[in-house]
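Engineer: In terms of UniProt numbering, the sequence shown opens at residue 1 and continues consecutively.
Glycine residues also receive a C-beta, built at the ideal position from the N, C-alpha and C atoms.
Structure incoming, see below.
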Amino acid sequence: MADVRSAHTHPQHREQPPARPEEGGGLPHDRLATAVPRSRAAAGREPADTHTPGITGGASDEPPARRGFVALDVGTARTRSVSSGGCAIADRPSAVVGRPSGVPGPVRPVRHGVVADPAAYLRLVRLVLLEARWSGAWPPERVLTGVPVAATPDDRRVVSAAVAEVAGCEATLVEGPLAAAVGAGLDVTGPRPCLLLDVGAGLVEAVVIDGGVITDAAVLQLSATTGTGLPFYALDGVVDMTAGLLRRLPGRLRSAGLVVTGGGARQERLLERLRAALRVPVGAAPEPEHATIRGLVSLCPQPAPAARTTARGR
């Protein structure tokens, strides 16, 4: 059974910086970590786009009209990408072949939503981004990619460095659940907060979005999933985590209900458990496993300053 730990935060403390997992190792397996609510002011103090040292903003030999974007969603089990010249979502396994030790077998660069093997992650990013050459969007002007809510600065640097090495352009990092909310059609900058639960293969994130930023979040890392979805023990953890997040909100903010994204949103027994426990409307987004990549694509055409405001790019 999952070892669940909750850290409740009163709404009046929203000016505090978000809690981060332990350096280097991330959150323990099957451990719930509730991020401290974050205000727009706190979000504004954090850096926007992350640039890798050595990458300059000089003129490119590529004609401006041909420069485009690439949206990249690297998950524990699947990696999705779309380029500005492409017409469909490229969906492939995240595992790559090759180990430094020479031991055969696939390597999973990402575990529980964060990079666990930087060398393998670089190989995966190179494989995915270089496919964009065939779409005519190369070199891209920028790459938007999702990161977990609880990603550490080191996690973000690994992602940005890989993008810079392969594509030679800026990486705009967007919190995955925020991109998923955009892809699900939620009005993330509207007057009413949005509630979203993103259920991935190794990471579950429940968030409150208000004014275009994530103001409260809870995260559950899973040690494993099954072919039919979340294991039974994980259902309890996901429901308890989401209920704890909603309890911190005023009743009027819960009335709009909860939208579920990620591959786990197709698990009807999870939706039923959430409806019974939360007593609010609960529904899955259309094609929920592609909500994050759709959101990143929606944000890509925006000018960089607008993307930072709407998507809190980092």
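Determine, using beta-carbon pairs with one atom in the segment 65 to 85 and one in the segment 270 to 281, whether at least three such pairs fall under 8 Å.
Structural biologist: no
Engineer: Output the boundary residues of the alpha helix (DSSP H) element that contains Thr240.
Structural biologist: Translated into the one-based positions of the sequence shown, residue 240 becomes position 240. Per the sequence presented here, residue 240 reads as Asp, with Thr not at that position. First-last of the alpha helix (DSSP H) with Asp240: Phe232 to Arg247.
Engineer: When you compare only the Cα positions, how much space is there between Pro153 and Asp117?
Structural biologist: Indexing the sequence shown from 1 puts residue 153 at position 153. Indexing the sequence shown from 1 puts residue 117 at position 117. Pro153 and Asp117: Cα-Cα distance of roughly 16 Å.
Engineer: Using a Cβ-Cβ cutoff of less than 6 Å, which residues in the same chain neighbour Ala179 once the five nearest sequence positions on both sides are dropped?
Structural biologist: For the purposes of this step, residue 179 is taken as the residue at position 179 of the sequence shown. Gly146, Thr292, Gly295 and Leu296, listed in sequence order.
Engineer: What residue from Ile214, Arg192, Val188 and Val114 has the CA that sits closest to Leu203's CA?
Structural biologist: As a working note, residue 203 is residue 203 in the sequence shown. Ranking the options by Cα distance to Leu203, first place goes to Val114.
Engineer: Give me the Cα-Cα distance between Ala164 and Leu173, rounded to the nearest whole angstrom.
Structural biologist: Residue mapping note: residue 164 aligns to position 164 of the sequence shown, counting from 1. Residue mapping note: residue 173 aligns to position 173 of the sequence shown, counting from 1. Rounded to the nearest angstrom, the two C-alpha atoms are 12 Å apart.
Engineer: According to DSSP, is Ala171 part of a helix, a strand, or is it coil?
Structural biologist: Here residue 171 refers to the residue found at position 171 when the sequence shown is read from its first residue. Strand, per DSSP.
Engineer: For Leu127, which option in Asp91, Arg254, Ala151 and Ala150 has the closest C-alpha, if you only look at C-alpha atoms?
Structural biologist: Numbered from 1 along the sequence shown, position 127 holds the residue referred to as residue 127. Closest by alpha carbon: Asp91.
Engineer: Determine the direct distance from the alpha carbon of Gly283 to that of Arg252, and round the result to whole angstroms.
Structural biologist: Stepping through the sequence shown from its first residue, residue 252 is reached at position 252. Stepping through the sequence shown from its first residue, residue 283 is reached at position 283. Those two C-alpha atoms are separated by around 18 Å.
Engineer: Tell me which residue opens and which closes the alpha helix (DSSP H) that Arg126 is part of.
Structural biologist: Numbered from its first residue, the sequence shown carries residue 126 at position 126. Run containing Arg126: Pro118 to Leu130, per the alpha helix (DSSP H) assignment.
Engineer: Can you give me the start and stop residues for the alpha helix (DSSP H) that Ile89 sits inside?
Structural biologist: For this step, residue 89 is matched to residue 89 along the sequence shown. No alpha helix (DSSP H) holds Ile89; DSSP gives it neither H nor E.
Engineer: With H, G and I counted as helix, E and B as strand and the rest as coil, what does DSSP make of Pro153?
Structural biologist: As a position in the sequence shown, residue 153 is number 153, starting the count at 1. Correct three-state label for Pro153: helix.
Engineer: According to the Cβ coordinates, are Pro177 and Phe69 closer than 8 Å?
Structural biologist: Mapped onto the sequence shown, residue 177 falls at position 177. Mapped onto the sequence shown, residue 69 falls at position 69. No, the pair does not count as a contact, with Cβ atoms beyond the cut-off.
Engineer: Taking a contact to mean a Cβ-Cβ separation below 8 Å, would you say residue 337 touches Cys300 in this structure?
Structural biologist: In the structure displayed, the chain extends from 1 to 314; residue 337 sits before or after that span and is not available.
Engineer: Between the C-alpha atoms of Ser298 and Thr189, what's the straight-line distance to the nearest angstrom?
Structural biologist: Numbered from its first residue, the sequence shown carries residue 298 at position 298. Numbered from its first residue, the sequence shown carries residue 189 at position 189. Cα to Cα, the separation comes out at about 14 Å.
Engineer: Please list the segments of the alpha helix (DSSP H) lying wholly inside the segment 246 to 280, counting only runs of 4 or more residues, in order along the chain.
Structural biologist: 251 to 254 and 268 to 278
Engineer: Cutting at 6 Å between CB atoms, please list the residues of its own chain near Ala184, excluding the five before and the five after it.
Structural biologist: Residue 184 sits at position 184 when you count from the first residue of the sequence shown. Hits under 6 Å: Val259, Thr261, Ala285 and Ala291.
Engineer: Use the C-beta contact count for Tyr121: other C-beta atoms within 10 angstroms, 16 or more gives buried, fewer gives exposed.
Structural biologist: Looking up residue 121 in the sequence shown gives position 121. By the neighbour-count rule (16 or more Cβ atoms within 10 Å), Tyr121 is buried.
Engineer: Give the range of the beta strand (DSSP E) segment to which Ala285 is assigned.
Structural biologist: Taking the first residue of the sequence shown as 1, we reach residue 285 at position 285. Per DSSP, Ala285 belongs to no beta strand (DSSP E) and is neither H nor E.
Engineer: Among the residues of its own chain, which have a CB less than 6 Å from the CB of Arg254, if the five just before and after it don't count?
Structural biologist: Numbered from 1 along the sequence shown, position 254 holds the residue referred to as residue 254. Taken in chain order, the residues that qualify are Leu246 and Val280.
Engineer: Rounded to whole angstroms, how far is the Cβ of Val239 from the Cβ of Val199, which I believe are closer than 8 Å?
Structural biologist: Taking the first residue of the sequence shown as position 1, residue 239 is located at position 239. Taking the first residue of the sequence shown as position 1, residue 199 is located at position 199. Incorrect: roughly 11 Å between the Cβ atoms, too far for contact.
Engineer: Leaving out five residues before and five after Pro109 in sequence, what residues of the same chain have Cβ atoms less than 7 Å from its Cβ?
Structural biologist: Sequence index remark: in the sequence shown, residue 109 carries index 109 (1-based). Excluding residues within five positions, the ones whose Cβ falls inside 7 Å are Ser94, Val96, Val115, Ala116, Asp117, Ala120, Tyr121 and Leu124.
Engineer: Please confirm whether Ala206 has its beta-carbon closer than 8 Å to some beta-carbon of chain D.
Structural biologist: Absent here is chain D; the protein component of the structure consists of one chain.
Engineer: Quick one: what does DSSP say Gly211 is sitting in, helix, strand or coil?
Structural biologist: Looking up residue 211 in the sequence shown gives position 211. Note: Gly211 maps to coil in three-state DSSP.
Engineer: Starting from the Cα of Ala181, find the closest Cα among Asp236, Ser160 and Ala206 and give me that residue.
Structural biologist: The sequence position of residue 181 within the sequence shown is 181, counting from 1. When each option's Cα is compared against that of Ala181, the closest is Ala206.
Engineer: Leu195 lies in the beta strand (DSSP E); which residues open and close that run?
Structural biologist: Locating residue 195 in the sequence shown gives position 195, counting from the first residue. Element bounds for Leu195: Cys194 to Val199.
Engineer: Go to Leu299, then tell me how far its beta strand (DSSP E) extends in each direction, as first and last residue.
Structural biologist: As a first step, residue 299 must be located in the sequence shown, where it is residue number 299. Taken as a continuous stretch (DSSP letters only), Leu299 belongs to no beta strand (DSSP E), being part of the alpha helix (DSSP H) at Ala291 to Leu299.
Engineer: On the DSSP letters alone, give me the boundaries of the alpha helix (DSSP H) that Gly176 sits inside.
Structural biologist: By 1-based counting over the sequence shown, the position of residue 176 is 176. Counting along the chain, the alpha helix (DSSP H) containing Gly176 begins and ends at Gly176 to Gly183.
Engineer: Taking residue 315 as the reference, give the member of Ala171, Ser223 and Pro250 with the closest Cα.
Structural biologist: Any property of residue 315 remains undetermined from this structure, which presents the chain solely from 1 to 314.
Engineer: Mapping the DSSP letters down to three states, classify Val188 as helix, strand or coil.
Structural biologist: Taking the sequence shown and counting its residues from 1, one reaches residue 188 at position 188. Looking at Val188 - three-state DSSP - the assignment turns out to be coil, as it is neither helix nor strand.
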